[in-house]
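What follows is a short report on a single structure.
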Amino acid sequence: MDIIDQALKKGQKSLSEYDSKRVLKAYGFPVVQERLVNSRAGATKAAKEIGLPVVLKACSPNIAHKTEKKLIEVDLRTLKEVQKAYDAILERVGDSPLDGVLVQEMVKGSRELVIGMIRDAQFGPCVMFGLGGIFTEVLKDVSFRIAPLEKRDALEMAQEIKGAPILGSFRGMPPVDMELLAAMLINAGKLGLENDAIKEVDANPLIISQDKPVVVDALVVLEGGSKP
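Per the numbering used here, the sequence shown starts with residue 24, numbered consecutively.
What follows is the structure, encoded as structure tokens:
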């Protein structure tokens, strides 16, 4: 893929959040509506096009732990808040190289999942699925399959996690679209099989909006690289 080739030529160890999601979108993952901007006016325009409320994030392949570094501003409900958040992010970034600032749709949902791909030295690309967000590291409620996956494999691994009941009708929420979720798991395997330069993929969280999983954050790590 051109995005990956260009990153390798630049010597990048990983893709930015924006480029990571572009790769996932090319493989059929529903991705949050967003714009990459490089000015306060651009942020204002993007927020108008997307519709308030929005989220602003610093975007660079070299920036990790954006929350801890206060490089994310959420639930911005007015254009004045968007402009203020844009200025605050730039000030906190300082002299660090920046691709721009992401203006994202504020996706709402109380269920969060994760889909990943890890290239194992022995087995090759392996697909991971589990509870997402802060629960990924805390609960470690995940399942794995070696790629390639068939639909049966994808559906089985989705039901193997302890948190599987949240995929069904849950507290008045509709069941998750399992056809779409299975396709995303299958395509995570294809992504690894078709792109040798990708070492790891982390789509986390996938927020369940109504019944659809939507990628709101993602990271693609390249071979020879490590998580920033």
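The C-beta atom is built at its ideal place from N, Cα and C for all residues, glycine as well.
Looking at the DSSP output, Met180 sits in no beta bridge, so it has no partner there. Counting only residues of its own chain and dropping the five nearest sequence neighbours on each side, Ser192 has a CB closer than 6 Å to the CB of Pro198. Ala170 counts as buried, since at least 16 other C-beta atoms from the protein chains shown sit within 10 angstroms of its C-beta.
Using a Cβ distance threshold of 8 Å, Leu99 and Ile112 do not count as a contacting pair. Taking a C-beta distance under 8 Å as the contact criterion, Val150 and Val77 do not qualify as a contact pair. Per DSSP, Asp200 lies in no beta strand (DSSP E) and is assigned neither H nor E. In the three-state reduction of the DSSP assignment, Glu128 falls in the strand class. Look at Met196 here: in three-state DSSP terms it is strand. Taking 8 Å as the cut-off, the beta carbon of Val124 is found closer than this to the beta carbon of Ala66. Going by DSSP, Lys93 is part of no alpha helix (DSSP H) at all; its letter is neither H nor E. The beta-bridge partner set that DSSP reports for Phe167 consists of Met151. Cβ atoms of Lys235 and Tyr50 stay farther apart than 8 Å, at about 16 Å. Taking the Cα positions, Phe146 is about 29 Å away from Tyr41. In the DSSP assignment, Val54 falls outside any alpha helix (DSSP H) and carries neither an H nor an E.
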